[in-house]
Structures are given as C-alpha cells and as structure tokens.
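Here the sequence shown is numbered in this note's numbering, starting from 9 and rising by one per residue. Ideal Cβ positions, reconstructed from N, Cα and C, are used throughout, including at glycine.
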Amino acid sequence: MTEVPTAAPAFTTRRASGCPFDPPPEMSRLQEAEPLSRVTLWNGEQAWFVTRHADQVALLRDERISADNQRPNYPSVSAGNEATRAHNRTFITMDEPEHNEQRKRFTGDFTIKRTQALRVRVERIIDDLLDAMEKAGPPADLVTSFALPLPSLVICELLGVPYEDHGFFQRASSVIIDTRSSVPDALAASQELVEYLGDLVESKAKNPGDDLLSRLAAQYLVTGQSTRDECAKQARLLLVAGHETTANMIALGTCALLQNPEQLAAVRDGSPERVAGAVEELLRYLSITHMGRRRVAAQDIEIGGQTIKAGDAVICANDIANRDPEVFDEPDRLNIHRQARRHLAFGSGPHQCLGQNLARIELQLAYPALLRRLPGLRLARPLEEISFRTDMAVYGVHELPVVW
Ligand code: HEM
C-alpha cells in the first residue's frame, strides 16, 4: 500500500453558499492543482481522488480496478454504509465474472427497445400526476407531487412492487442513502427492505404476474439457481436506484432550469432532439451521484505519472470530471445546446448505469410536459431557502416549493 502522506484534504460534499449546482470548490480545485491527489475520508482513511475525465474513463474500464466492497480499504461513504457493506452486496459492488453473470439477468429489461415500449405508459403517469397537481392548485412541493411519484410508479410497475407500499420503501431507501443515518438505523432499513422484497419474490414464485420480479423468481428462484436473499437484494438495488436518482434529476433539473429562463423556454418549446440534448446536459451539469464511483486497486496501476498501489482506495469523482475543461467548453455553464453525451453521470465501464435508457425516457418526457402544462411555474421561495441534499448519496432537493 502507498505510504500515507500527511496533509490530504477532507473529502466533502459541502457546496459553496449560493452555488448549489456546482461541486464543492475544495474538491473542484484539485482538478487543476493535483488531478490525482489524496483525500481523507469520514473515518480518517485515505483514498486517491481522481478528478480528470480521461483518467476516470481509463480507470473505470481497467480490469485491475475492483468495485468489490468486501475488499479491505473499500472507501465507504459513511459509518452506516460501512456497517451495511456485507448486507448491501449486489452486482453493483461485485467484479467479473460474478458481476456480469448477475447483471445480464436484467439487461434485457432495460434495452432501448424495451424502455421505448414504456413510453406511452410513462406519458400517462405524467399526465395523471399533472392533472392532480392542477386540480389541487398552487402551491405544491414538486418533489412529493411529481418528481418522486413518477419514477416510483414506473419502477414499481416494471418490477411488480405494489405502489401502495411507497411510504415504506421510500422511507427505507432514504435512510439507506443518508450518510447521517446511525449504524442501527441503516442496518434496520436495509434489512426491512430485503425482508419485504424477499417475501414479494417468494409470493411471485407461487403466483407470477407479468413483471420483472416474477420472471426473476421463475427463472432463478424456482429453478434453484438463486436464493431468496440474492433475488431480494437485486430487487432492492433496482427499486432504490430506479426511483431515487431519477426523482432527484427531475426536481433538481427543474430548479436549475427555473434559474435559466431562456434554456427553460428551449426545453419547453423544443423538438424531442433538443429536449434529449438538454437532458444530457442537465445530467452532466448536475451530476447527482456526487459521492464518486468508489473502487479499490486490485493491482498496481500507473496513471497520470503516479502509481496507485494494489489495495489503495480510489474515488473517481464523476461530478468533477463532468466539469473538465479538456472535454467541455465553459464547463461551469449550463448550456443545453452543447453536445454533452460524453458525460460520466451514468458512470463508465462495466458498472455503467443499467437503467440509463429508462431514466432518459422519464426525463425526456417529464421536463417538457411539466413546463408546458404549468407555463407559469416558478419557485415559491428564494433559491437560498431551498434545502439541498448535501448529505445524501444522491444529490438533489429535499423539497421544491413551487407556484404557477
Ligand atoms: C438519472 C438517473 C440515474 C443516474 C444519474 C444513475 C447513475 C448511476 C451511476 C453513476 C452508476 C454507476 C455506479 C458505479 O460505477 O459505481 C449506476 C449504476 C446502476 N444503476 Fe443507475 N442511475 C440512474 C437511474 C437508474 C435507474 C432508473 C435504474 C433502474 C433500475 C438504475 C439502475 C442502476 C443499476 C442496477 C446500476 C448498477 C450497474 C452495475 O453495477 O452493473 N439507475 N447508475
């Protein structure tokens, strides 16, 4: 392992006051000053902090880098995350061949073709939510009335999870991704969700429906190729990843567009191609998975004139790579007209987001539908009074009070 240098700055997700859309300045500064540097984590351990786009793409695709959260030195994001490492183990924190063996059970459900087939259903859900918002009238919290129920309803239908249980699973997933959760709370939330999904998968084995978890149960549980626990953990990964991320992109993206009226108008009135480009730019600019892609070097890796030694912890800060001036001109400016497709908001390499096609469809439909239906949409409180999700593994807003 690498000798421990002394003054490694603390890893932080704290943003500068008045700049809620920009990564933390102490972290961003490293991109120019020392693109491959060391940071100190919450538990006093150190990790390599990789900030350049090219270095991250190289590392995340490198077979010598491991996503396995059971390795010593794996850089967990918090005490709760550390304590639930074993319990949280799914293919997102596995290496090949195990990772791909499990991931490929689901790739067919998230292809462009399969997710495009959901378009009409997603449009219908959006219309229903906007009808209800209009009917109730302003003010509203955009998170609870639109941004959160939309992806929750979509992923519930796809998996076959009853949406009536959303109070339970949304609360549990919030505790799991909150870095401030105590160890007992994080463990309890993680276990309750796995228990609930384990029961659900078992009941689907007996009474299958036309949904992903029924197919998982029929192909892997009933045949003995997988266990209740493994299926339940995979279901939990899909359920949590499927709604937390997209919900925060919808709310934070709307908040960012409301600060940029010309770009908002271009999204509201733009062609589907213009909207698709705007979604990529919002993904780049907002980079809601702001705690970085977390890895451990399985072997020595030479990169950027340095050697990352076998056993060293590595954080690929994809939010900062998405502001790399080598790849994006004027990176700190939201510009929906740019080509942003090379962003790393969905990661890179074998663990690149499985649900990205679904997320894209939801976002491409949600922003223009919301802005067209409520053309007078605006924040009900000044931006400075909005509560941002600095301590959550997925960034965004806790609430977005709006009027129209
Ligand atoms: C805007 C929305 C989303 C963002 C920004 C996002 C971001 C990410 C990122 C950065 C990764 C890579 C993790 C890593 O390398 O460590 C990832 C992986 C993953 N995402 Fe997403 N995601 C989104 C939506 C979704 C949705 C809708 C699903 C649906 C189930 C999903 C399921 C997954 C899964 C299963 C993985 C693990 C893939 C693997 O390890 O092979 N995500 N996502």
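Delimiting residues of the alpha helix (DSSP H) encompassing residue i
i	result
Val-410	From DSSP, Val-410 is part of no alpha helix (DSSP H) but of the beta strand (DSSP E) over 409-411.
Val-183	174-185
Val-287	280-294
Val-405	Per DSSP, Val-405 belongs to no alpha helix (DSSP H) and is neither H nor E.
Leu-366	364-381
Leu-38	33-41
Asn-96	Counting along the chain, Asn-96 falls outside any alpha helix (DSSP H), and DSSP gives it neither H nor E.
Met-257	236-266
Ile-163	157-167
Tyr-204	191-214
Beta carbon of residue i nearer than 8 Å to that of residue j
i	j	result
Val-322	Val-85	no
Ser-181	Val-248	yes
Asn-330	Ser-356	no
Val-304	Arg-79	yes
Ala-243	Leu-291	no
Ile-185	Glu-90	no
Ala-194	Gly-88	yes
Thr-20	Glu-42	no
Thr-187	Asp-327	no
Ala-16	Arg-46	yes
Gly-3	Leu-138	In the structure as shown, the chain starts at 9 and stops at 412, and residue 3 therefore has no counterpart that could be examined.
Ala-348	Glu-289	yes
Arg-346	Leu-266	no
Ala-325	Ile-134	no
Tyr-82	Arg-97	no
Pro-31	His-298	yes
Gly-116	Gly-168	no
Residue i: CB within 7 Å of a non-hydrogen atom of the ligand HEM
i	result
Thr-21	no
Gly-418	For the chain, the structure presents residues 9 to 412; residue 418 sits outside this window and is missing.
Thr-123	no
His-359	yes
Gln-227	no
Leu-38	no
His-298	no
Ala-353	yes
Ile-163	yes
Ile-134	no
Phe-29	no
Gly-278	no
Ile-369	no
Gln-364	yes
Ile-328	no
His-414	Outside the shown range of the chain, which is 9 to 412, sits residue 414, and nothing can be said about it.
Met-257	yes
Ile-100	yes
Ala-446	With the chain covering only 9 through 412, there is no way to say anything about residue 446.
Thr-254	yes
His-107	yes
Ala-264	no
Cβ shell of residue i (< 6 Å), same chain only, five flanking positions each side left out
i	result
Ala-213	Ala-225, Leu-229 and Val-230
Ala-18	Thr-48
Leu-201	Ala-180 and Arg-244
Ala-155	Ala-255, Ile-258 and Ala-259
Terminal residues of the beta strand (DSSP E) in which residue i lies
i	result
Ser-45	44-48
Gln-307	Per DSSP, Gln-307 belongs to no beta strand (DSSP E) and is neither H nor E.
Ile-323	321-324
Met-114	The question names Met, but residue 114 in the sequence shown is Phe. Note, Phe-114: premise wrong, no beta strand (DSSP E); alpha helix (DSSP H) at 106-115.
Thr-315	314-316
Val-58	54-58
Cβ-based neighbour list, residue i, same chain, cut-off 8 Å, excluding 5 preceding and 5 following
i	result
Ile-3	What the structure shows of the chain is the stretch from 9 to 412, and residue 3 is not part of that stretch, so it cannot be assessed.
Gln-199	His-95
His-359	Leu-68, Ala-75, Ile-100, His-107 and Arg-301
Glu-370	Val-130, Leu-158, Pro-159, Val-162, Thr-254 and Ile-258
Lys-143	none
Leu-126	Val-162, Leu-166, Leu-366 and Ile-369
Residues near residue i in its chain [Cβ-Cβ closer than 7 Å; skip 5 each side]
i	result
Asp-332	Gln-39, Arg-60, His-61 and Pro-339
Arg-282	Ala-274
Val-405	Val-151, Ala-259, Leu-260, Cys-263, Ile-394, Ser-395, Phe-396 and Arg-397
Gly-363	Phe-118, Ala-249 and Gly-250
Val-335	His-61 and Arg-350
Ala-284	Gln-372
Ala-388	Pro-147, Pro-409, Val-410 and Val-411
Glu-407	Asp-149, Val-151 and Ser-395
C-beta neighbour in chain D for residue i, strict 8 Å
i	result
Ala-125	The chain labelled as chain D is not found in the depicted structure, where only one protein chain is given.
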